[in-house]
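Here's the structure, in structure tokens; my notes come after.
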Amino acid sequence: MLNNNPHIYLISDSTGETVSIVARSVYARFENINFNESRWALIRTNKQIDNIIKLVKDKPGMILYTMINKKLEEYLQQKCTDIKVKAHPILDSTITALKKGFELKTENKQKPGKQHSLSDDYFERIEALQYAIANDDGQIMEQNEADIILFGVSRTSKTPTSIYLANKGIKVANIPFVLNQKPNLSTISKNTLVVGLFASPERLQQIRLSRLKSLKEKNKTKYVEMEFLKKEVKEAKTICIKNSWVTIDVTKKSIEEIAATVLEYYKIFKKKKI
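No gaps in the numbering here: position 71 of the sequence shown is 70 in numbering that gives the first Met the number 0, and each next residue is one more.
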């Protein structure tokens, strides 16, 4: 049966930009169809998927997604099978999926300007986004291929800065510093810029307490104790100085400001390599 108002659910374990851009490009092929779209980005856990599935079950439609984490993708597919909802990886033949899923017809001729072209720059950004997710939070995979590595204690905006820079086509990995644990720095290439991110202990305590509150964690740990934070920041800075890495105080900086500063350091770094 023809459905002029199909529900589309966009899911990504990254920023969601890729799935959104491709979905909008595909929508343009279907005249007089009003897609009811819902979006979720930075999906990293089975619990997050469970919450989405509950909503999808109430208003069945189709899930379009991009997933770097294969285990998470398999879990999503299984949950969709359980409730008999189709889940389709957006970078496959999306147009075909929508045609079959909702019995729609596409226009033989597409109107100029309605569909974005997928340029080399676009695919570079997709590759960089995939890289950022694969090499997030100290995952040792392909750090020697990184353009930039961000180093710092927890809650210094390493991951969002990595994702922001990836949207500019820059491959960014990040390495967390954990007190009393020696960070793995063996895979860092000489052609990679390493930037240390740090914040004041007071700011870190504020952010971490807020984080614990959001997780409904009532028991306070060393993670938020001032003396622990001071020591953690001090030792992280010591590693940066020892390795002659540039550093950025992110205490009062937005993600955009942090990224802009990193880019300026990166420009200088590349000039020195020429």
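Heads up, the beta-carbon is just placed ideally off N, CA and C, and yes, glycines get one too.
All values derive from a computational prediction rather than experimental measurement.
>> I need the DSSP call for Pro-88, collapsed to helix, strand or coil.
In response: Within the sequence shown, numbered from 1, the residue matching residue 88 stands at position 89. In the structure shown, Pro-88 sits in a strand (DSSP, three-state: E or B).
>> Considering just the uninterrupted stretch of the alpha helix (DSSP H) at Leu-103, what are its terminal residues?
In response: Along the sequence shown, read from residue 1 onward, the residue named residue 103 stands at position 104. Careful: Leu-103 lies outside any alpha helix (DSSP H) and carries neither H nor E.
> Quick one: what's got a C-beta closer than 7 Å to Ser-188's C-beta in the same chain, skipping five residues either side?
Replying inline: The residue given as residue 188 occupies position 189 in the sequence shown. If we look at Ser-188 and ignore the five residues flanking it on each side, its Cβ neighbours are Asn-143.
> Considering only C-alpha positions, which residue in the set Asn-68, Phe-101, Glu-102, Lys-104 is nearest to Pro-88?
Replying inline: In the sequence shown, the residue the question calls residue 88 occupies position 89. The shortest Cα separation from Pro-88 among Asn-68, Phe-101, Glu-102, Lys-104 belongs to Asn-68.
>> Assess contact between the region 155–169 and the region 255–262, defined as three or more Cβ pairs (one per stretch) separated by less than 8 Å. Is contact present?
In response: yes
> Among Ser-24, Val-223, Glu-201, which residue has its Cα nearest to the Cα of Leu-90?
Replying inline: Position 91 of the sequence shown holds residue 90. Considering only alpha carbons, the answer is Ser-24.
> What beta strand (DSSP E) runs, 3 residues minimum, are completely inside the region 174–232?
Replying inline: 192–197
> DSSP beta-bridge partners for Gly-60?
Replying inline: If you number the sequence shown from 1, residue 60 lands on position 61. Answer is none; Gly-60 lacks a bridge partner.
> Of all the options Phe-101, Thr-237, Lys-46, which has the alpha carbon lying nearest to the alpha carbon of Ile-62?
Replying inline: Your numbering for residue 62 matches position 63 in the sequence shown. Out of Phe-101, Thr-237, Lys-46, Phe-101 has the C-alpha closest to the C-alpha of Ile-62.
>> Three Cβ pairs or more, each shorter than 8 Å: is that satisfied between the region 75–85 and the region 43–53?
In response: yes
> For Gln-109, which of helix, strand or coil comes out of DSSP?
Replying inline: Taking the first residue of the sequence shown as position 1, residue 109 is located at position 110. Unreliable positioning characterises Gln-109 in this predicted model, as indicated by a pLDDT of 45, which lies under 50. The coordinate reading is nonetheless provided below. Coil.
> Which residue or residues does DSSP assign as beta-bridge partners of Thr-80?
Replying inline: In the sequence shown, residue 80 corresponds to position 81, counting from 1. According to DSSP, Thr-80 bridges with nothing at all.
> By DSSP, does Val-249 sit in helix, in strand, or in coil?
Replying inline: Taking the sequence shown and counting its residues from 1, one reaches residue 249 at position 250. Residue state, collapsed to three classes: coil.
>> So, with DSSP's three-state summary, where would you put Ile-52?
In response: Position 53 of the sequence shown, counted from the start, is the residue given in the question as residue 52. If DSSP states are grouped into helix, strand and coil, Ile-52 belongs with the helices.
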